[in-house]
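The numbering used here puts the first residue of the sequence shown at 1, with every later residue one more than the last.
Quick reminder that beta carbons are idealized off the backbone N, C-alpha and C, glycines included.
Encoded as structure tokens, the structure appears first; notes follow it.
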Amino acid sequence: MPIFDKNTARIKLVILTKPGEKNITWYSLEKEKNKPEKTIIDGMLRRLQNSTYARIAQVLQFYDNKTKQLIAEYKG
């Protein structure tokens, strides 16, 4: 079983980066698909803070991966 699957993930994170850097897309972990949205988002934020992408992230946009609706947005 994969760690994440972009077709079945509940949450999609779009990381808008500094000019000159490519934007990044992450998907929620497969094992978290039955957890509340807030728990999933908090986990994704924690993983981002521990990654090298944290220094180039400017805006974080969380989407419901099924409906494509924006759930939360954080600007840093």
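Taking all protein chains in view, the Cβ of LEU29 is crowded by 16 or more other Cβ atoms within 10 Å, so the residue is classified as buried. For ASP42, the enclosing alpha helix (DSSP H) covers residues 37-49. ASN65 counts as buried, since at least 16 other C-beta atoms from the protein chains shown sit within 10 angstroms of its C-beta. In the DSSP secondary-structure assignment, LYS68 is not bridged to any residue.
DSSP, read as helix, strand or coil, puts GLU73 in strand. Taking a 10 Å sphere around the C-beta of LYS12, we find 16 or more other C-beta atoms and assign the residue as buried. ILE56 and THR17 have their alpha carbons spaced roughly 5 Å apart. Within 10 angstroms of the beta-carbon of ALA9 lie 16 or more other beta-carbons, which makes it buried.
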